[in-house]
Amino acid sequence: MLVYTMRRLVGAIPVLVLASILTFVMVDISGDPLLELRTATPPPPEAVIEQEAERLYLDRSMPERYWLWVTGIGGEGNIGLLQGEFGPSTQGQQYEIGPEIAERLWTTLRLVGIAMLLALGLAIIAGAVSAMRQYSKLDYTLTFVGFLCLAMPTFWLAGIVQASGVEINQLIGENLFKTIGDGRYGAEGAPPWDQFVNAFAHMALPTLVLMLTSFASWSRYQRTSMLEVLNSDYVRLARAKGLRDKVVIRRHALRTALIPLTTVFALGVAGIIDGTILTETVFQWRGLGDFFITAVENNDSYALMGWLLLSGFMVILANLIADLLYGVLDPRIRYE
Amino acid sequence: MTTENMSNAETDVSSHGDTVLEVDALNVTFPSEDGSLPAVREVSYRLRRGEALGIVGESGSGKSVTSMAIMGLLPKNTRIDGSVRLMGEEILGLPDKAISKVRGKKIAMIFQDPLTSLNPVYTIGFQISEAVLAHNDVGRKRAWERSRELLEIVGIPSPGQRLRQYPHELSGGMRQRVVIAIAMANNPDVIIADEPTTALDVTVQAQVLDALQSARKETGAALVLITHDLGVVAGQVERVAVMYGGRIVESGPVEEVFYRPQMPYALGLLGSLPRLDEERAERLAPIGGTPPSLMNLPRGCAFAPRCPMARDVCHTEEPVLLRTLDNGDRVPPRPEDAAAHVAACHFSDELGAGIRPEALFREAGKGSGEETERSEQGAAGDPEVLLRAEDLVKNFPIRSKGLLKRKVGDVQAVSGISLELRERETLALVGESGCGKSTTARLLLNLIRSTSGRVSYMGKPLQGLSDKQMRPLRRDLQIVFQDPFASLDPRMTVADIIAEPMLIHRTRNGDAKKRVKELLELVGLNPEHGSRYPHEFSGGQRQRIGVARALSLNPKVLVLDEPVSALDVSIQAGVINLLEDLQEELGLSYLFVSHDLSVVKHIADRVAVMYLGKIVETATTDQLFEAPAHPYTQALISAIPLPDPVKERTRERIVVTGDVPSPADPPSGCRFRTRCPKFAQDLSKTEREKCVQEVPGLLERGSGHRDACHYSEVVELL
Amino acid sequence: MSNGTPTTAPGRTAQRSAADRTQLQTIVRRFVRHRPAMISLFVLIVIAAFAFIGPFFWMWDHRVSSEILSNQPPDSTHPLGTSSAGHDVLGQLMRGAQQTLKVALTVSLCATAFGSLWGATAGYYGGRTDAMMMRIVDVFLIVPPLVAVAALAGNTKGGTTWSTIAIIIALFSWAQIARVVRGVVLSLREQEFIEAAKASGASAPWIILRHLLPNAAGPIIVAATLLVAIAILMEAGLSFLQFGIQLPDISLGQLIGEARTAVSTRPWTFYPPGVLLVLICLTINFIGDGLRDALDPKQTMVRR
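Protein chains in written order, with numbering that gives the first Met the number 0: chain A, 0 to 335; chain B, 0 to 717; chain C, 0 to 303.
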């Protein structure tokens with residue numbers, strides 16, 4: 000198991016390196032960090048542009064810059080991932096990418112983590128129930144709901160949920176749901192219970208949106224996998240032993256049907272990160288979504304690269320967790 | 000073998016024993032998108048305490064569905080009616096709570112595929128204990144103890160250790176014994192075994208059948224043994240029922256049915272079987288046509304379209320099971336003579352004793368008597384060697400389980416094979432799964448690259464040729480595969496499939512269509528069916544298409560990789576006959592790869608027996624079967640069940656224990672020594688030393704008969 | 000001789016009884032029997048007609064017109080009302096749906112063609128080639144697609160027409176197809192008919208193009224269909240973030256984005272584009288489901 004874990008870890012490294020190259024090249028060739036400066040009116044003096052280019056290391060060639068971006072060797076100390084620096088920002092000298100990301104990371108991770116767990120739970124239950132009652136009204140209903148959620152653009156659903164939150168608040172005459180902001184400011188120092196209530200009020204609706212848009216594809220997968228297991232010989236043998244249906248389903252079917260789900264679980268995480276950005280935008284959170292959009296709007300290449308790398312890292316992490324889970328669930332892997 | 004004594008004892012008991020299982024007019028219908036499928040029709044039988052009943056039939060005959068219906072394991076949308084009484088109590092349609100008290104406790108089941116019937120995520124011990132605990136509230140510890148006992152009964156060595164292992168750590172034979180242990184956990188009254196040994200090798204099959212007998216002896220359970228293998232039936236049961244088209248068409252004591260069948264189908268099945276225990280007949284007598292589709296069963300007798308005796312009444316009126324009295328009258332059986340010989344045929348009385356299947360099932364257009372002598376033209380001087388292999392070795396790398404997956408060793412799938420295939424000859428390569436016979440066949444065709452050794456075709460070396468250099472030679476060297484369902488591209492029409500090799504080799508651009516028709520006709524298919532897709536054909540027909548494709552480039556050598564082992568018995572014979580005819584007509588040489596010694600005996604001129612990547616014995620077919628010298632060959636021959644109840648029960652057996660060792664770590668010296676009965680029983684300590692130390696060479700015994708055993712000794716087994 | 004379990008036994012015979020039908024007919028028949036898929040197909044055709052043919056029959060297009068009063072709720076001249084800037088919402092809806100569909104179909108076509116070839120090649124060769132090719136696929140899979148696309152499209156200011164957007168989305172969509180196809184090919188290549196082709200001397204491109212891809216057609220078609228829905232959502236998200244199709248051209252996502260502050264004040268601008276978008280994606284999902292049932296034999300009773 001330890002070897003297996005190590006192998007997975009080692010295997011993730013080339014992917015991460017390749018991903019960093021891809022994002023770097025992609026961002027680098029697509030945008031010009033000096034665009035705003037060049038198109039400003041009145042046009043600033045050539046020297047100013049040159050100085051800015053130098054500050055952003057744009058005077059070097061792309062491979063050189065990639066090397067610099069990763070190692071920081073030959074830079075001003077404000078660049079180099081291995082040294083924990085993300086590089087200079089176009090949004091002014093004071094805007095430091097690293098601390099900015101760190102500050103917002105918690106806000107976003109909290110949302111992603113909770114929504115993901117809830118979506119996973121919902122997916123497993125819905126998928127299993129659907130499979131057990133295949134072709135029943137319940138199965139059709141769950142299938143339809145799942146497809147509907149799959150078809151919903153995240154931001155549109157978020158808009159509707161936000162509007163209904165406002166409606167509910169008006170209806171009960173109390174500010175139950177906070178429909179704007181992430182609620183991190185102004186809550187410091189309050190008693191823990193109040194902090195919790197405040198956090199819940201802010202998080203409930205965005206989490207709901209993210210959960211609904213994420214669970215459906217997992218749930219479809221769980222249904223297929225469960226159906227396959229229900230038709231398997233070992234489930235038949237378990238019945239033939241004289242076990243009750245519910246025992247067979249709980250012990251033999253559900254447990255084994257979870258194994259394939261782990262392989263698709265990680266792939267869904269990239270989608271959740273996408274969804275988070277949209278949800279945060281609608282609910283006007285100051286999370287990584289907002290950071291990202293500002294970065295794009297400002298042609299802030301180093302900020303973008305840092306962001307992309309971070310999200311890639313999160314997906315790889317999720318992949319690793321999924322692989323380990325697979326190992327735990329499946330003894331055939333465990334003893335490899 | 001204990002079977003004989005046991006069955007006698009039990010017949011005695013059963014004659015005044017009570018009925019444990021009573022199936023009455025059972026019907027099973029599956030809904031499908033094309034309408035309903037009557038899979039089982041009006042099946043009735045009785046099973047007495049301790050009795051063993053065999054149910055035989057080909058695929059789709061409804062034999063497995065019947066038992067699933069009895070166990071209540073069919074999908075919910077299946078329509079089942081009739082009655083199933085277990086110890087007098089109706090169990091059909093019981094609710095979950097009630098049926099789960101019956102299952103496992105009173106009636107247990109063993110499934111066909113041991114690789115899929117255990118849950119991969121739980122230990123063996125957990126899964127057996129679970130069965131114990133389902134009906135006895137004895138606590139985990141006691142259940143675990145009981146599991147240990149059970150494993151011991153079914154003959155699993157070091158059971159305490161096995162209990163903590165997962166299914167994937169056990170071999171197929173072991174897993175099937177675990178399933179048997181689960182079945183006997185609660186001393187059931189009835190055990191239903193659904194093709195329990197079909198997925199296993201013959202030597203392992205013998206072990207599993209022994210385990211099954213131990214389980215019966217221990218529990219006193221009655222047995223329903225479902226199988227397609229007439230040999231297994233002959234040895235294991237007292238009574239047999241033959242199913243066809245979803246019905247029982249004949250049933251009775253096993254000797255009666257085997258020696259005096261009253262239904263042409265049973266007779267035909269016996270006739271289409273290549274026999275290990277008889278002289279090579281000139282030709283097999285296949286049953287024409289294919290088993291009926293349940294979707295549109297023929298009116299009247301389901302077998303009528305394939306029956307040589309069929310007359311008008313057979314096509315209009317479905318016969319019922321009748322018993323023939325001593326005076327020749329045929330009457331419906333009374334409930335108390337459940338064991339009587341009954342058959343569903345309008346003309347049973349015409350099948351007098353002693354009628355030979357080949358007299359009845361004569362292939363249309365082919366004379367049976369005046370067949371040309373089998374090509375024993377060896378006298379005309381030594382024919383040319385076409386394909387020659389010397390010291391062929393194929394290693395597959397084993398990767399380390401460490402971080403870098405370094406190569407740490409090799410699995411020697413083939414280690415040092417030498418053989419020659421001559422013109423117009425059939426050389427059979429025989430062995431159990433994993434012995435390297437298929438790998439050898441592919442090495443000979445250069446489909447995979449050998450690690451070392453030489454292959455030459457008509458003197459031209461093949462090793463080291465690139466795909467392009469190999470291409471012209473592929474015309475002469477073709478292959479027919481095992482699985483007729485997987486070997487034809489499902490998205491191509493039959494004509495395209497057969498024409499593909501011609502297209503690749505750019506031969507016959509113009510008249511490819513004509514050639515396809517010729518080929519279809521040659522292999523006995525309707526030449527107008529070229530525009531159809533493979534799924535529209537039955538297994539046997541598809542295999543003929545595979546042969547036609549292989550022949551399209553006029554090859555000289557055909558490698559036949561288990562060409563008939565995926566086919567039903569009645570279909571098998573037709574394909575074997577076709578292969579023999581083609582060899583005669585086109586002067587082909589065959590390399591016939593097979594695990595089935597009966598088929599090999601029928602078709603081959605020479606045989607090479609493989610074990611763990613090495614040839615252990617090679618001889619002409621007659622030599623090999625009359626005087627096998629290597630203990631493995633002897634064990635292999637003796638493990639094959641004969642479709643003859645008396646012979647099967649009285650024959651002497653050489654039993655092999657254990658499973659084939661992993662080719663990654665073969666035993667030193669003689670590779671067979673770990674399972675060798677001679678090594679275990681007959682040899683002295685010093686003699687054994689030699690087996691452990693020295694690799695036996697393949698030495699000449701005289702007249703081309705060679706074997707690789709230090710202490711080989713000819714034994715007559717048949 | 001392997002005797003079927005009850006699931007195979009009736010299945011195989013059902014197959015045999017279908018002897019006189021061609022495969023295509025069987026597939027069509029199965030699909031037609033899938034009621035949600037058939038209804039969806041009908042709805043989707045209606046929507047497509049609305050988007051592509053509609054503009055020829057409707058007096059207003061998606062542009063601002065001086066004749067249009069702004070901020071009007073639905074009435075007889077503007078059945079879906081007007082926007083704050085003075086657009087006819089119905090006209091906008093037609094154009095928006097049209098652009099959205101164009102982008103999605105292009106994405107699906109390009110990504111499927113490239114992804115299938117990539118996946119089939121990797122799967123067929125296996126070993127190191129496969130490992131390397133699939134690492135590249137992994138890289139494209141771990142980068143959240145919307146983010147990557149937004150970074151690209153948002154950075155390339157000024158030139159974002161529907162075709163640019165389509166190509167950029169396709170760049171981040173082919174990897175999923177490649178992954179699916181490789182999985183199918185990995186199991187296909189172990190089948191004996193592939194070995195049979197090799198034994199007749201067929202080359203690798205021959206086997207990939209003539210045997211592997213046609214046999215993977217079922218999963219490919221299903222994946223391509225579902226990709227249409229995914230691309231629509233992606234384009235919508237992109238336009239919502241204002242990194243997609245730029246004004247004066249429009250798409251459904253952009254319409255929703257524009258109206259998102261007006262959920263309660265001008266609901267007629269917020270709900271119609273959203274409902275239309277959901278309807279398109281929903282029908283495509285159902286069609287994909289129907290296709291899967293019709294094409295993928297594993298889903299039916301036949302095992303092989």
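All C-beta atoms, glycine included, are put in the ideal place defined by N, C-alpha and C.
By the three-class DSSP mapping on this structure, what secondary structure does residue i have?
i               : result
I109 of chain B : strand
T425 of chain B : strand
T142 of chain A : helix
M491 of chain B : coil
L309 of chain A : helix
P460 of chain B : strand
A618 of chain B : strand
Y44 of chain B  : strand
F242 of chain C : coil
G59 of chain B  : coil
E21 of chain B  : strand
Y65 of chain A  : helix
V45 of chain C  : helix
F199 of chain A : helix
E189 of chain C : coil
A51 of chain B  : strand
A342 of chain B : strand
Going by DSSP, name the residue or residues bridged to residue i.
i               : result
H704 of chain B : B:G701
I416 of chain B : B:L391
I78 of chain A  : A:F85
M719 of chain B : There is no way to answer for residue 719 of chain B, as the model of chain B reaches only from 0 to 717.
M242 of chain B : B:I247
V101 of chain B : Per DSSP, none; premise fails for V101 of chain B.
R718 of chain B : Residue 718 of chain B cannot be examined here, being either before or after the span of chain B that is shown, 0 to 717.
Distance check for residue j and residue i, CA to CA, integer angstroms please.
i               : j               : result
D276 of chain B : K197 of chain C : 39 Å
A286 of chain A : K101 of chain C : According to the sequence as given, residue 286 of chain A is Gly; it is not Ala. Going by the C-alpha atoms only, they are around 33 Å apart.
V714 of chain B : A628 of chain B : 7 Å
V253 of chain B : S66 of chain B  : 20 Å
R134 of chain C : E686 of chain B : 56 Å
M37 of chain C  : V281 of chain A : 35 Å
L519 of chain B : L578 of chain B : 14 Å
P195 of chain B : L391 of chain B : 36 Å
L296 of chain B : E32 of chain B  : 17 Å
F360 of chain B : A265 of chain B : 12 Å
A237 of chain A : R423 of chain B : 53 Å
P42 of chain A  : L151 of chain C : 26 Å
R178 of chain C : A169 of chain C : 15 Å
(request) Name, going along the chain, the residues of the stretch 145-157 of chain A whose beta-carbon falls closer than 8 Å to a beta-carbon of chain C. (result) F146, L147, L149, A150, M151, P152, T153, F154, W155
(request) Pull out every residue of the stretch 235-252 of chain C whose Cβ sits closer than 8 Å to any Cβ of chain A, in chain order. (result) A235, G236, F239, L240, F242, G252
(request) Can you give me, in chain order, the residues of the stretch 493-506 of chain B that have a beta carbon less than 7 Å from any beta carbon in chain C? (result) E499, P500, I503, H504
(request) Pull out every residue of the stretch 178-210 of chain C whose Cβ sits closer than 9 Å to any Cβ of chain B, in chain order. (result) E189, Q190, E191, F192, I193, E194, A195, A196, K197, A198, S199, G200, A201, S202, A203, W205, R209, H210
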